[in-house]
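One structure below.
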Amino acid sequence: MVMVKSVLSVAHKGFRDWAIQRATAIVMGIYSIGLIGYLLFNPGLSFAEWHTLFSQDWMKVVTLLFILSVLYHAWIGIWTVFTDYVKLYVIRCILNFLVLFMLIACFFWGVLILWSV
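Take the sequence shown: its position 66, counted from the start at 1, is 68 in our numbering, and no numbers get skipped.
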């Protein structure tokens with residue numbers, strides 16, 4: 003029973019990452035289609051109109067969800083690439099740390115920009 007449990011937990015992590023990547027891709031796609039649609043139906047937007055759009059709380063929340071989706075999607079993808087192609091454990095850990103640090107910094111930078119509007 004213990005052997006089956008450990009095998010399932012490994013398979014579950016792979017499936018979970020796969021499912022999260024698909025979910026984040028859907029969030030990014032919906033946001034992108036919505037923003038492109040807004041641009042197509044409102045050609046020649048001025049800075050004031052952009053500012054008005056992004057100063058609304060619902061747009062800030064949706065954009066924050068988009069930012070989180072992009073960063074989590076990137077983390078899973080890069081972690082998978084490093085796991086598959088970087089064989090030295092120490093180098094892989096250093097690269098993972100650097101990428102994770104960069105992604106966290108990008109998150110706070112995005113929040114700072116988004117909430118300063």
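Beta carbons are placed, not taken as given, at the ideal position from N, Cα and C, and that holds for glycine. Just so we're clear, the structure is a prediction, and the values are computed from it rather than from any experiment.
Rounded distance between the beta-carbons of residue j and residue i, thought under 8 Å
i   : j    : result
K62 : F56  : 7 Å
D19 : I78  : 5 Å
S71 : V113 : Contact flag wrong, Cβ pair sits at about 14 Å.
C-beta atoms of residue i and residue j nearer than 8 Å
i    : j   : result
V101 : I80 : yes
F84  : L97 : yes
Sequence-distant residues of the same chain with beta carbon closer than 8 Å to residue i, five excluded per side
i    : result
A13  : Its pLDDT being 42, under 50, A13 is placed unreliably by the model, and the measurement read from it follows with that caveat. Nothing listed; no residue qualifies.
R94  : F84, T85, V88
Y40  : L55
V119 : H53, F56, S57, K62
Chain-order list of residues whose beta-carbon lies under 7 Å from that of residue i (same chain, five-residue window excluded)
i   : result
L73 : L105, C108, F109
A76 : L105
Contact set for residue i: own chain, Cβ-Cβ below 6 Å, skip 5 residues either direction
i   : result
K15 : none
Y33 : F68
Inset, instruction - Count the C-beta pairs between the segment 47 to 54 and the segment 96 to 111 that are closer than 8 Å, then say yes if the count reaches three, no if not. - result: no
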